[in-house]
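Chemist: In our numbering, the protein residues as written are 159 to 347. Handing you a structure now.
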């Protein structure tokens, strides 16, 4: 990784180094956001119709699936969501609610087996004002956490350092996903 000196871009206004992260502008600028809230525009409806590796799908259930977050807070950041295009948690039917909860537990087990995190943040952001990036399709975040993972980069520089490519993260988590016959994931070594 090359870190350019701040002075290389004109007179510095301060004495801070800069770590450029231009790929985030796609997310910040909303370029990858759906044009509307319809099922036809929804990336979460489109992803499961494609290839698992290309779509970063980690695991599939009957009613829900787990996918990596394209803009992760931490390595191993997954989302569990129903196949059905539904925006509100209260609109899930009973079977979807159970499978969403079960797959969230399985996502935690897979992350523990693959990465041995110290804890997790789990969350549903309901609506744009609550922080949902794509509010039209319900998705539960499963974010592995480690002691000290909130260092100066995200706090001061609004930048996250990720040590692994998303394709490698997807492979590791898919391999660690609990198998239906055993009910448990392989142990992390």
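Idealized CB from N, CA, C, for every residue including glycine. A quick note: this is a predicted structure, and the numbers were derived from the prediction, not measured.
Per DSSP, which residues does residue 282 bridge with? Please list them.
Modeler: 298
Chemist: Would you list the one or two residues that DSSP bridges to residue 277?
Modeler: 303
Chemist: Which same chain residues end up closer than 7 Å to residue 314 when comparing Cβ atoms and leaving out the 5 residues on each side of it in sequence?
Modeler: Reliability fails at residue 314, whose pLDDT of 47 lies under 50, so the model's placement of it is uncertain and the value that follows must be treated cautiously. Same-chain partners within the cutoff: there are none.
Chemist: Please state whether the Cβ-Cβ distance between residue 223 and residue 206 is less than 9 Å.
Modeler: Residue 223 places its beta carbon less than 9 Å from that of residue 206.
Chemist: How many angstroms separate the CA atom of residue 321 from the CA atom of residue 299?
Modeler: 20 Å
Chemist: Note down the Cα distance separating residue 244 from residue 220, rounded to an integer number of angstroms.
Modeler: 16 Å
Chemist: If contacts are defined as beta-carbon pairs under 8 Å, then residue 328 and residue 211 qualify, I think. What distance do you get, rounded to the angstrom?
Modeler: 7 Å
Chemist: If we ignore side chains and look at the alpha-carbon of each, how far apart do residue 324 and residue 226 end up?
Modeler: 8 Å
Chemist: With distances taken from CA atoms, which of 247, 204 and 265 is nearest residue 293?
Modeler: 247
Chemist: Return the Cβ separation of residue 281 and residue 303 in integer angstroms, given the expectation that the two are a contact with Cβ distance under 8 Å.
Modeler: Their Cβ separation, rounded to whole angstroms, is 12 Å, which puts residue 281 and residue 303 out of contact at 8 Å.
Chemist: Roughly how many angstroms lie between the CA atoms of residue 305 and residue 232, to the nearest whole one?
Modeler: Cα to Cα, residue 305 sits roughly 12 Å from residue 232.
Chemist: On the criterion of 16 or more Cβ atoms from any shown chain inside 10 Å, does residue 238 qualify as buried, or is it exposed?
Modeler: buried
Chemist: Just verifying my parser: in three-state terms, what is the DSSP assignment at residue 215?
Modeler: strand
Chemist: Which residues in the same chain have their Cβ closer than 8 Å to the Cβ of residue 289, if we skip the five residues on either side of it in sequence?
Modeler: 283
Chemist: How would you call residue 287, buried or exposed, if buried means at least 16 neighbouring beta carbons within 10 angstroms?
Modeler: exposed
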